[in-house]
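K.L.:
Position in the sequence shown counted from 1, then plus 884, gives you our numbering.
Just so you know, even glycine gets a beta-carbon here, dropped at the ideal spot from N, CA and C.
All values reported here derive from a predicted model rather than from experimental measurement.
Here it is: the structure, laid out below.
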Amino acid sequence: MDKATEYVMFVHVLSAVLLGFYLFVPWLLLRLGKQSAAVQEGTVRTVSLLNRIGQYVLVLAFLSGGYLVSKYNSSGVWMILAIVLILVMFALSGIMSKPLKRIGEAVANGRAASEDLRLAQVLGTVNALVFLLILIIMNFPTI
């Protein structure tokens, strides 16, 4: 493995570690309704910020993964599955931004946001499951 590939592999693994945040989103949002307004506001702001950062990290993971695929022999099915799953993560994290924003606004104004909270919980859970699937298929590149 040449030096450039080693650096790209490092970026790819680092991005995977950073994306591990999505495994905690369902748990954070599940507990959100039981917290005080100040804790809710802080949690929603933090999750929103980390979600935004996660979207940029997804781009890094996608680009570094594309480079690594060009260097190694991977099956066509595996490549299609990896691309579809990462695109699903892109979509879910983008869609999750709006309910998180509305939850933050509702908490700041003292209103309930149960519908948006449920939507964010569902999107966060599906996103976590998709991330787990990505982690699993990364260990079996010859599928």
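Could you check where the alpha helix (DSSP H) with residue 918 kicks off and where it finishes?
P.N.:
As a first step, residue 918 must be located in the sequence shown, where it is residue number 34. Here residue 918 belongs to no alpha helix (DSSP H), and DSSP marks it neither H nor E.
K.L.:
Which of the three DSSP states is assigned to residue 1025 in this structure?
P.N.:
Numbered from 1 along the sequence shown, position 141 holds the residue referred to as residue 1025. Reduced to three states, the DSSP call for residue 1025 is coil.
K.L.:
Under the three-state reduction of DSSP, which class applies to residue 885: helix, strand or coil?
P.N.:
Against the sequence shown, residue 885 aligns to sequence position 1. Of the three classes helix, strand and coil, the one that applies to residue 885 here is coil, per DSSP.
K.L.:
Please confirm if the stretch 1008-1023 is in contact with the stretch 959-971, defined as three or more CB-CB distances below 8 Å between the two stretches.
P.N.:
yes
K.L.:
When you compare the CB positions of residue 987 and residue 1000, do they come within less than 8 Å of one another, or not?
P.N.:
The residue labelled residue 987 in the question sits at position 103 within the sequence shown. The residue labelled residue 1000 in the question sits at position 116 within the sequence shown. Their beta carbons are under 8 Å apart, which means residue 987 touches residue 1000 by this criterion.
K.L.:
Based on Cα-Cα distance, which residue from 1024, 888 and 975 lies nearest to residue 951?
P.N.:
In the sequence shown, counting from the first residue as 1, residue 951 sits at position 67. When the alpha-carbon of residue 951 is set against those of 1024, 888 and 975, the nearest one is in 888.
K.L.:
In whole angstroms, give me the CA-to-CA distance for residue 955 and residue 1025.
P.N.:
On the sequence shown, position 71 is the one that residue 955 refers to. On the sequence shown, position 141 is the one that residue 1025 refers to. Taking the straight line from one Cα to the other gives about 13 Å.
K.L.:
For the alpha helix (DSSP H) containing residue 914, name the first residue and the last one.
P.N.:
Within the sequence shown, the letter at position 30 stands for residue 914. Per DSSP, residue 914 belongs to the alpha helix (DSSP H) from 909-914.
K.L.:
Count the other CB atoms, across all protein chains shown, that sit within 10 Å of the CB of residue 927; report buried if there are 16 or more and exposed otherwise.
P.N.:
Translated into the one-based positions of the sequence shown, residue 927 becomes position 43. Burial call: buried.
K.L.:
Can you tell which of 907, 963, 946 and 918 has the C-alpha that lies nearest to the C-alpha of residue 934?
P.N.:
One-based indexing of the sequence shown puts residue 934 at position 50. The residue with the shortest Cα to Cα distance from residue 934 is 907.
K.L.:
Among 990, 1004, 913 and 963, which one has its Cα closest to the Cα of residue 983?
P.N.:
By 1-based counting over the sequence shown, the position of residue 983 is 99. That would be 1004, whose Cα lies nearest to the Cα of residue 983.
K.L.:
Return the residue from the list 939, 958, 993 and 902 that minimises the CA-CA distance to residue 975.
P.N.:
On the sequence shown, residue 975 is found 91 positions in, with the first residue counted as 1. Of the candidates 939, 958, 993 and 902, the one whose C-alpha sits nearest the C-alpha of residue 975 is 939.
K.L.:
Expressed to the nearest angstrom, what Euclidean distance is found between the alpha-carbon atoms of residue 961 and residue 915?
P.N.:
The count along the sequence shown starts at 1 and reaches residue 961 at position 77. The count along the sequence shown starts at 1 and reaches residue 915 at position 31. Rounded to the nearest angstrom, the two C-alpha atoms are 38 Å apart.
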